[in-house]
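Student:
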Amino acid sequence: MKILVTGGAGFIGSHTVVELMAEGHEVAVVDSLVNSSALVIPRLEAITGKAVPFYKADIRDKESMEKIFEAERPDAVIHFAGLKAVGESVRLPLEYYENNIGGTIKLLEVMRKAGCKNIIFSSSATVYGDPAIIPITEECPKGTCTNPYGWTKSMLEQILSDIQFADPEWNVVLLRYFNPIGAHESGTIGENPSGIPNNLMPYITQVAVGRRDVLHIFGNDYDTPDGTGVRDYIHVVDLARGHVAALKKMEPGSGLSIYNLGTGIGYSVLDIVHSFEEATGVKVPYVIDERRPGDVAVCYSSADKAHRELGWKAEYDITRMCRDSWRWQSMNPNGYGDEDMG
Ligand code: NAD
Ligand code: UDP
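Under the working numbering, the first residue of the sequence shown carries the number 1252, and numbering increases by one thereafter.
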């Protein structure tokens, strides 16, 4: 199949391009590079040994998107493009709603006009809010999000469901990611946060590589075995393969489907620090700080539905995730290099 990957220069999108091409799919990438580097594309070409068609375009620019659809005639879209910094979304809600929701609506209009009605959407475990059931199954009711970023995911799920309901020619897959970490085994592509990382693993690797002094652990008084927050960390390559598995199941009439993509295992912040130290031999100094507003104590998936229906499950363990995160960070201490952003 020919797949248009929006946000394909980003962390998860770039890894998904590799896995799609490994399965024989043709790919074209659209990315505005607002949070990624053009250097990703030659690196993807080095990994895959093939050309990766790339369009520097914003999904909100309908004219450019229409031209791209005309040139590429994709069978399906995997839609990663969006802004994802939780704290920033609290400061800039309008920008988040405009980019993530406005951008997706424009993309859907262009898709409909082009007659391409197959879409896989990057959703998030954040739509469960403070989850009513642990482990979280897809039947768990959606909850109250604690920030505008989360609401964009929750609202876009609703928008996509409504569009599919109104026109059954649409096939929509909502993939709710848990916590992606790790990197491609080559160490040439990986997560490249701008500024101070929000997420745990890039913060740990930046402390390990000497860019930051100490990890701040946000609270050790949660109702968890060691008091620190528990999450479901998943290797980004496993996550990428989940998209390939979802694509395989997409066929006329498959309608709307929702899957968690996680491992089903919860690790605490301290578990991750210790696993990282064991896997890499590098010490990670830390201090205990206040809880971070909006954080839940425990969030991990039931990964059974994706296993049952897609034949997919995560393969890589936490040691592998830590090693691959570290290989990427130590080979690229400054990510893709700030001068290349945008
Ligand atoms: P990322 O920032 O690395 O990738 C997103 C890409 O989208 C970037 O390359 C950015 O330049 C591009 N982009 C943003 N707005 C755009 C626009 N209007 N037009 C064109 N391109 C645009 O983030 P990621 O971690 O790879 O996440 C990919 C998707 O998965 C996002 O939608 C994110 O919200 C979602 N997600 C991520 C996580 C996570 O922990 N990383 C968890 C759950 C869901
Ligand atoms: N966390 C932390 N220090 C950091 C970043 C995160 O202690 O610098 C904790 C956070 O409180 C949560 C876990 O690590 O318990 C995962 O946080 P992350 O932001 O990576 O993912 P999310 O909160 O979105 O699940």
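Here a beta-carbon is modelled for each residue, glycine too, at the ideal position from N, C-alpha and C.
Just to check my reading of the structure: Ala1376 and Cys1550 have Cβ atoms closer than 8 Å, yes? What is that Cβ distance to the nearest angstrom?
Tutor: Contact flag correct, Cβ pair sits at about 6 Å.
Student: Between which two residues does the beta strand (DSSP E) harbouring Lys1253 extend?
Tutor: Its beta strand (DSSP E) spans residues Lys1253 to Thr1257.
Student: Using DSSP with H/G/I as helix, E/B as strand and the rest coil, what is Tyr1379?
Tutor: Helix.
Student: By Cβ distance below 8 Å, which residues in the same chain neighbour Ile1298 in space, the five residues on each side in sequence not counted?
Tutor: Within the same chain, Ile1298 has close Cβ partners Val1269, His1435, Ser1437, Thr1439 and Ile1440.
Student: Say the cut is 6 Å; is the CB of Arg1311 nearer than that to a heavy atom of ligand 1?
Tutor: Yes.
Student: Within 10 angstroms of the Cβ of Gly1562, are there 16 or more other Cβ atoms? Answer buried if so, exposed if not.
Tutor: So Gly1562 ends up on the exposed side.
Student: Could you pull out every residue in the same chain whose Cβ sits closer than 6 Å to the Cβ of Arg1294, ignoring the five residues on either side in sequence?
Tutor: Around Arg1294: Thr1439 and Ile1440.
Student: Just the C-alpha distance for Val1535 and Val1524, rounded to the nearest angstrom, thanks.
Tutor: Each residue's Cα considered, the two are about 7 Å apart.
Student: Measure the C-alpha to C-alpha separation of Ile1485 and Gly1300 and round it to an integer number of angstroms.
Tutor: Each residue's alpha carbon lies about 26 Å from the other.
Student: Between the Cα of Asn1350 and the Cα atoms of Gly1275, Asp1309 and Asp1326, which residue gives the shortest distance?
Tutor: Considering only alpha carbons, the answer is Asp1309.
Student: Quick one, are the C-beta atoms of Leu1426 and Glu1408 less than 7 Å apart?
Tutor: No, the pair does not count as a contact, with Cβ atoms beyond the cut-off.
Student: According to DSSP, is Phe1527 part of a helix, a strand, or is it coil?
Tutor: Phe1527: helix per DSSP, three-state reduction.
Student: Based on DSSP bridge pairs, tell me the residues matched to Phe1305.
Tutor: Answer is Val1280, bridged to Phe1305.
Student: Taking DSSP as the reference, what is the three-state secondary structure of Val1291?
Tutor: Here Val1291 sits in helix by DSSP.
Student: By a C-beta neighbour count over all protein chains shown, 10 Å radius and 16 as the cutoff for buried, is Glu1274 buried or exposed?
Tutor: By the neighbour-count rule (16 or more Cβ atoms within 10 Å), Glu1274 is not buried but exposed.
Student: Look at the alpha carbon of Asp1312 and the alpha carbon of Thr1257, and state the distance between them as a whole number of angstroms.
Tutor: Straight-line Cα distance between these residues: approximately 13 Å.
Student: Helix, strand or coil for Leu1343? Go by DSSP, reduced to three states.
Tutor: Residue state, collapsed to three classes: coil.
Student: Among the candidates Ile1371, Glu1390 and Asn1369, whose CA atom is the shortest distance from the CA of Tyr1379?
Tutor: With distances taken between Cα atoms, Tyr1379 lies closest to Glu1390.
Student: What distance in whole Å lies between the Cβ atoms of Pro1386 and Gly1515, which are believed to be in contact at a cut-off of 8 Å?
Tutor: Right, their Cβ atoms sit about 6 Å apart.
Student: By the three-class DSSP mapping on this structure, what secondary structure does Ala1327 have?
Tutor: Here Ala1327 sits in strand by DSSP.
Student: By DSSP, does Cys1550 sit in helix, in strand, or in coil?
Tutor: In this structure, Cys1550 counts as strand in the three-state DSSP scheme.
Student: Could you tell me the distance, in whole angstroms, from the CA atom of Val1465 to the CA atom of Leu1451?
Tutor: Looking at the two C-alpha atoms, the distance is approximately 12 Å.
Student: Starting from His1435 and walking both ways along the alpha helix (DSSP H), at which residues does that stretch end?
Tutor: No alpha helix (DSSP H) holds His1435; DSSP gives it neither H nor E.
Student: Among Glu1314, Leu1512, Ala1336 and Thr1475, which residue has its Cα nearest to the Cα of Asn1286?
Tutor: Among Glu1314, Leu1512, Ala1336 and Thr1475, the Cα nearest to that of Asn1286 is on Ala1336.
Student: From Lys1499 to Glu1541, what does the alpha carbon distance come to, in whole angstroms?
Tutor: Approximately 44 Å between the Cα atoms of the pair.
Student: So, for Asn1369: in the same chain, excluding its five sequence neighbours on each side, which residues have a beta-carbon less than 6 Å away from its beta-carbon?
Tutor: Here the set comprises Ala1327, Asn1422 and Met1501.
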